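Take a look at the structure set out below.
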Amino acid sequence: MTTPSATTTALTHIAQLVTNDPALGEGPLGLIRDAAVVIDGDRIAWVGPSGKAPATDNAVDAGGRAVIPGFVDSHSHLVFAGDRTEEFNARMSGRPYSAGGIRTTVAATRAAGDDVLRANVARYLAEGLRQGTTTQETKSGYGLTVEDEARALRIAAEQTDEVTFLGAHIVPPDYADDPAGYVDLVTGPMLDACAPHARWVDVFCERGAFDGDQARAILTAGAAKGLVPRVHANQLGHGPGVQLAVELGAASADHCTHLTDADIDALAGSETVATLLPGAEFSTRATWPDARRLLDAGATVALSTDCNPGSSFTSSMPFCIALAVRDMGMTPDEAVWSATAGGARALRRTDVGRITPGARADLALLDAPSHVHLAYRPGVPLVSAVWHKGVLV
């Protein structure tokens, strides 16, 4: 005879609970000490002092450890096949390398079967989940044909709600002599095939990819199909990406490595989130984004992994938090907020990235007494348990 499964669970004796709701606790993180959280189904039902927790069907003693919201990774590229180890090894060894970068992954992805791509997405989502990531955005961008881009988005949408059409990743080799023709393809037949499977439209607005006019045409066409813009902006140098993102009301401008004072002011005066991707700078030995400059100006900042096979092959949000604190001028509190509530802002979500009544029950239990340990103990697997939609995974 089986017994009914518990529907409510209390996590008690939490040393520090990060709620991201200043109304519930101390500072911007809404920190509550000696706290408890009650989960009812897939939602947070109650938060407060541990000694005042209501009765529940089940109880978990946090044992004086910290609990934070599940990480919200708002920028990744998980639908791909192939491997670029040789490219990375050459780059780290100081040797010139001409493997073709993104084009190498495009060729491998086009050649892969659906089962291979599906298994890869599942693998990296599970990898992130083990490290506390409970909300994951991912993009197309390694197919660059109508059929392959639509296939990538269908596969992604099977496993995550946050799916982005990135047909405008690069101009593929078969259109090298006709970039205008490729933009027409992206804004026409490719968009028609892809829009039903995506929530977002993105473009790599950068030298060697798409210029400001091309990016505007692509983002505007996507918006006309109901997709919300986000922009790969100002990664490799100064350019129009950030200003275009703000002008078009994009949810986020991602990378933001090279910014003018005007770019900073535009972001600070808008709802567009500056999403910083320190894994890319780490893996390419590039200039670090100046998070301090953005934060001091009042811009909203998110942290994300940019998990992809070429320039940032990490799914670890804790690693990115440590990099942001060590090399980008963020405090530990700011980095944790940006990796949770900031990512939620970048995805225009109010149900994730926080631990408040009514929010989705996405939590990470740390094997540490404070969230500060995520930066204090870099490289240590501190996430000891994860609840996703109320389920201990």
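Numbering (the working numbering), first residue to last: 1 to 393.
For every residue, glycine included, the Cβ atom is placed at its ideal position computed from N, Cα and C.
On a predicted model such as this, the values are computed, not experimentally measured, just so you know.
query: In this structure, how does DSSP classify T9 when only helix, strand and coil are distinguished?; result: strand
query: So, is S98 buried or exposed, given that buried needs 16 or more other C-beta atoms within 10 angstroms?; result: Only weak support exists for where S98 lies, its pLDDT of 48 falling under 50; the value from the coordinates is given anyway. Under this definition S98 is an exposed residue.
query: Check whether the Cβ atoms of G27 and D333 sit closer than 8 angstroms, and answer yes or no.; result: yes
query: So, with DSSP's three-state summary, where would you put P4?; result: Legend: pLDDT at P4 = 43, less than 50; position of this residue unreliable, value from coordinates given subsequently. Residue state, collapsed to three classes: coil.
query: Assuming T187 and A156 are in contact, meaning their beta carbons sit under 8 angstroms apart, how far apart are those beta carbons, in whole angstroms?; result: At roughly 21 angstroms, the Cβ-Cβ gap does not stay under 8 angstroms, so T187 and A156 are not in contact.
query: Which residues in the same chain as T314 place their Cβ atom closer than 7 angstroms to its Cβ, once the five residues preceding and following it in sequence are excluded?; result: G279, T305 and C307
query: Residues in the same chain with beta-carbon distance under 6 angstroms from D371, minus the five sequence neighbours each way, listed in chain order, please.; result: Reading off the sequence shown, one finds His at residue 371, where the question assumed Asp. So the list reads V18, A66, I68 and V336, once near-sequence residues are dropped.
query: Using 8 angstroms as the cut-off, can you tell me whether the stretch 222 to 239 makes contact with the stretch 197 to 204, which would need three or more C-beta pairs spanning the two stretches below that distance?; result: yes
query: If distances are taken between C-alpha atoms only, which option among P196, A180, L236 and C194 comes closest to D213?; result: A180
query: What would DSSP say about S98, mapped onto helix, strand or coil?; result: At S98, the pLDDT of 48 sits below 50, so the modelled position is not reliable and the matter cannot be decided from this model.
query: Is G64 closer than 8 angstroms to A15 when the C-beta atoms are compared?; result: yes
query: Quick check: T160 and L185, are their CB atoms within less than 8 angstroms of each other?; result: no
query: Closer than 7 angstroms by C-beta to G358: which residues in its own chain qualify, once you throw out the five before and the five after it? Chain order, please.; result: R43 and I44
query: Relative to the alpha-carbon of S312, which residue among H75, L366, T272 and G226 has its alpha-carbon at the smallest distance?; result: H75
query: How far does the beta strand (DSSP E) with T133 in it reach, from first residue to last?; result: T133 to K139
query: CB-CB under 6 angstroms to E281, same chain, minus the five flanking residues each way: which ones, in chain order?; result: W288
query: For a test of the three-state rule: what should DSSP assign to H373, helix, strand or coil?; result: helix
query: I'd like to know if the stretch 72 to 89 and the stretch 338 to 346 are in contact, where contact means that at least 3 CB-CB pairs between them fall below 8 angstroms.; result: yes
query: Enumerate in chain order the residues of its own chain whose CB-to-CB distance from L248 is below 6 angstroms, with the five nearest sequence positions on each side excluded.; result: L219 and P229
query: Going by CA-CA distance only, name the one from M330, G353, A268 and V352 that's closest to Y408.; result: The chain is shown only over 1 to 393; residue 408 falls outside these bounds and no answer can be derived.
query: Under the rule that 16 or more other beta-carbon atoms within 10 Å means buried, what is E87, buried or exposed?; result: buried
query: Tell me T275's beta-bridge partners as DSSP assigns them.; result: D254 and A302
query: Return yes when the Cβ of L276 is within less than 8 angstroms of the Cβ of V242, no when it is not.; result: no
query: Taking the alpha-carbon positions, what's the T8 to W46 distance?; result: 11 angstroms
query: Using the Cα positions of G237 and T257, report the straight-line distance between them to the nearest angstrom.; result: 7 angstroms
query: Which partner residues does D73 have in the DSSP bridge list?; result: Q136
query: Under the DSSP definition of a beta bridge, which residues are partnered with L347?; result: Answer is none; L347 lacks a bridge partner.
query: Determine the direct distance from the alpha carbon of H255 to that of P240, and round the result to whole angstroms.; result: 13 angstroms
query: Cβ atoms of P381 and R84: under 8 angstroms apart, would you say?; result: no
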